[in-house]
Amino acid sequence: MWGGGKVAARAKSPSPPPAPTTIPTTSWAPADRSVPEIIASLQEDYYNLCMEKSRKINSFVWHLLQEVDEEIEKGLEGITLNIPGNSRLMPVERITGEDFWILSRILKKNPYINGLDVRYNLMSDVGAYYAARLLQKQHKLIYLNLMFNDIGPEGGELIAKALHKNTTLKYLRMTGNKIENKGGMFFAAMLQINSSLEKLDLGDCDLGMQSVIAFATVLTQNQTIKGINLNRPILYGEQEESTVHLGHMLKENHCLVALHVCKHNMKNCGIKQLCDALYLNRSLRYLDVSCNKITRDGMVCLADVLKSNTTLEVIDLSFNRIEDVGAKYLSETLASHNRSLKALSVVNNNIKGEGLVALSQSMKTNPILSNVYIWGNKFDEATCVAYSDLIQTGRLKPDNTDVEPFVVDGHVYLAEVSNGLKKHYYWRPTYGEACSQSSNAEEILQESKDGRAGEP
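Given below as structure tokens:
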């Protein structure tokens, strides 16, 4: 995929650090014995530019550039520069559009950095302008995360147009920037031209019905996009028109792997449109329909398509209302027919003991289903015992679910564990790495892909 934690207090304005006294150079030589180009350290370039342009040195950026310089000195390539404005590991002074201009200048010709994450900063449309210029001039960048940076429709237009000629960027996150319908239309038009972008996240961007339909239309022809996030558009009316177009797209598109349509006001008619398409689609592996209005009747359609669909591996039904009956429909299919689904989330679906126990029973006969998330439903003692048994016998690994059993006075209960399909989608952990392989949907799909790599 796919809110954020509290942003750390800003650091007090420090006195500028002293200029670096040495310029580290690479200590390795290419196989052909040619002498590599000597490149000044990022810290050196950053300091000099700040002095030249009379800009205050951002101590947070300064520290992170030092870490990257150390990685470059070790001979590492393919480095992602992370400057998250919501980091809780150290005091943060969020970067502005003018700060990003300095960053773009020092990154423009750096051959070692191919990823840039500047989530939760204050770039605005000014920063979007410089991000667009960076995309036009930096030919190593394959990952760019601009989520929640106060970028509006004009900034979205600049970035979308920059991607018309860009041939290197693979993954762009614009999440949470209010580019609205106008900006969404520019990105849809970009997908008619760009043939290198593989993942595009426009969740929480206030897209309108017009731009959602435009994306569905463009994706009937685009053959490179593997994942798209269209979460929480601003839709009016009850006709579920967006799902009609998305269903038609899934019938025609044979490349899309992940589709996120959270908060689309989707009801049973909408999920039926998607399920009808999934009888024909043989590429989609991750379907996110969380936070909609799907009930048990919609599960009749989904359970039926899962009997014949062998490509879907991850389904997110969180925050719907499938209840016991819907859970039992899915359980029957998973127990007796489907052997491709690996992860299922039914968090907060008003499911009681009967439906939850049925899901646990399906795992005993289905060896493929490995990740199940059930928190927020109504646990009775039978449910607690059933999932405790799955975990204790090793059938359900602790990292692959969002509950953990504990015993009080001889009775088994379940506690919540912070795992899920979109763990760390909005926020970063207090410590450690930003994603866990066993509790992140993208990693589940990657493990599956790697497992099939040797197949004919």
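Residue numbers for the sequence shown follow numbering that gives the first Met the number 0, so the first one is 0 and each next one is one higher.
Every residue gets a Cβ at the ideal spot worked out from N, C-alpha and C, and that includes glycine.
Bear in mind that the values here come from a model prediction, so they are computed numbers and not experimental data.
Please go through the same chain and pick out, in chain order, the residues whose beta-carbon is closer than 6 Å to the beta-carbon of residue i, but skip the five residues on each side of it.
i: D200; result: R172, T174, N228
i: A385; result: V356, S359
i: G297; result: N267, I270
i: E403; result: A414, V416
i: S123; result: G96, D149
i: N193; result: L162
i: Y142; result: G114, Y170
i: H336; result: K306
i: E70; result: I78
i: R93; result: G84, N120, L121
i: G354; result: D323, A326, K327
i: C434; result: Residue confidence is low: C434 scores 46 on pLDDT, short of 50, so the model does not pin down where it sits. No coordinate-derived value is stated.
i: K363; result: none
i: D205; result: K177, E179, I233
Do residue i and residue j have their CB atoms nearer than 8 Å?
i: S344; j: L395; result: no
i: A215; j: L255; result: no
i: S289; j: D323; result: no
i: G352; j: T382; result: yes
i: V299; j: S317; result: no
i: A257; j: R281; result: no
i: N176; j: G207; result: no
i: L106; j: Q137; result: yes
i: G155; j: G182; result: yes
i: V456; j: S387; result: Limits of the chain in this structure are 0 at one end and 455 at the other, which puts residue 456 out of reach.
i: N376; j: N348; result: yes
i: K341; j: I373; result: no
i: L80; j: I112; result: yes
i: R231; j: D203; result: yes
i: L333; j: S361; result: yes
i: L190; j: V211; result: no
Which one of the options has the shortest CA to CA distance from residue i?
i: L75; options: E153, V67, I82; result: V67
i: Y119; options: N148, N337, V356, Y142; result: N148
i: E153; options: H163, L133, I178; result: I178
i: G96; options: S307, V117, K108; result: V117
i: I293; options: T223, S307, R320; result: R320
i: H259; options: L286, Y412, N81; result: L286
i: E237; options: M146, H263, K108; result: H263
i: K52; options: S40, D98, C261; result: D98
i: R295; options: P397, I350, F59; result: I350
i: E239; options: M265, Y46, I82; result: M265
i: V91; options: F59, L389, Q191, Y235; result: F59
i: N221; options: K198, T392, Q209, H62; result: K198
i: Q65; options: K73, G226, M50, Q42; result: Q42
Spatial neighbours of residue i within its chain, please: CB distance less than 8 Å, with the 5 preceding and 5 following residues excluded, ordered by chain position.
i: T219; result: H247, M248, E251, N252
i: V243; result: Q272
i: L134; result: L140, L143, I158, A161, L162, N165, L168
i: D44; result: R104, I105
i: R54; result: L48, E97, D98, I101
i: M278; result: Note that residue 278 corresponds to Tyr in the displayed sequence, not to Met. If we look at Y278 and ignore the five residues flanking it on each side, its Cβ neighbours are V304, S307, N308.
Among the residues of its own chain, which have a CB less than 7 Å from the CB of residue i, if the five just before and after it don't count?
i: A30; result: Low confidence applies to A30: its pLDDT is 38, below 50, so where it sits in the model is not reliable enough to give any reading.
i: T309; result: S339
i: L196; result: L162, L168, K169, L171, T223, I224
i: M48; result: The amino acid at residue 48 is misidentified as Met; the sequence shows Leu. So the list reads I101, R104, I105, once near-sequence residues are dropped.
i: P397; result: I390, E403
Which residues bound the beta strand (DSSP E) around residue i?
i: I227; result: 226-228
i: D200; result: 198-200
i: G372; result: The sequence as given places Tyr at residue 372; Gly does not occur at that position. Looking at the DSSP string, the run of the beta strand (DSSP E) that includes Y372 is 370-372.
i: H410; result: 410-415
i: V294; result: The sequence given here places Thr at residue 294; Val does not occur at that position. Premise fails: T294 is in no beta strand (DSSP E) and is neither H nor E.
i: Y285; result: 285-287
i: N81; result: 78-81
i: E403; result: 402-407
i: S344; result: 342-344
i: G114; result: 112-116
i: L255; result: Here L255 belongs to no beta strand (DSSP E), and DSSP marks it neither H nor E.
Along the alpha helix (DSSP H) that carries residue i, what are the first and last residues, could you check?
i: L143; result: From DSSP, L143 is part of no alpha helix (DSSP H) but of the beta strand (DSSP E) over 142-144.
i: S103; result: 96-106
i: R132; result: 123-136
i: G182; result: 179-189
i: H62; result: 58-72
i: R172; result: Run containing R172: none in the alpha helix (DSSP H); it sits in the beta strand (DSSP E), 170-172.
i: S195; result: Taken as a continuous stretch (DSSP letters only), S195 belongs to no alpha helix (DSSP H), as it is neither H nor E.
i: F147; result: Segment: none, F147 is in no alpha helix (DSSP H) and carries neither H nor E.
i: F214; result: 208-217
i: T242; result: 240-251
i: G236; result: No alpha helix (DSSP H) contains G236, which DSSP labels as neither H nor E.
i: S307; result: Run containing S307: none; DSSP gives neither H nor E here.
Can you confirm whether residue i, when its beta carbon is compared against all beta carbons of chain B, has any partner nearer than 8 Å?
i: N337; result: Included in the structure is just one protein chain, with no chain B present.
Q.
Tell me whether the stretch 84-103 and the stretch 125-133 touch, counting them as touching only if at least three CB pairs, one residue from each stretch, are closer than 8 Å.
A. yes
(Q) Count Cβ pairs between the stretch 328-337 and the stretch 300-308 that sit closer than 8 Å; are there 3 or more? (A) yes
Q) Any chance the stretch 162-170 sits against the stretch 180-194, with 3 or more Cβ pairs inside 8 Å? A) Counting C-beta pairs with one atom in each stretch, the stretch 162-170 and the stretch 180-194 have three or more that are closer than 8 Å, which means they touch.
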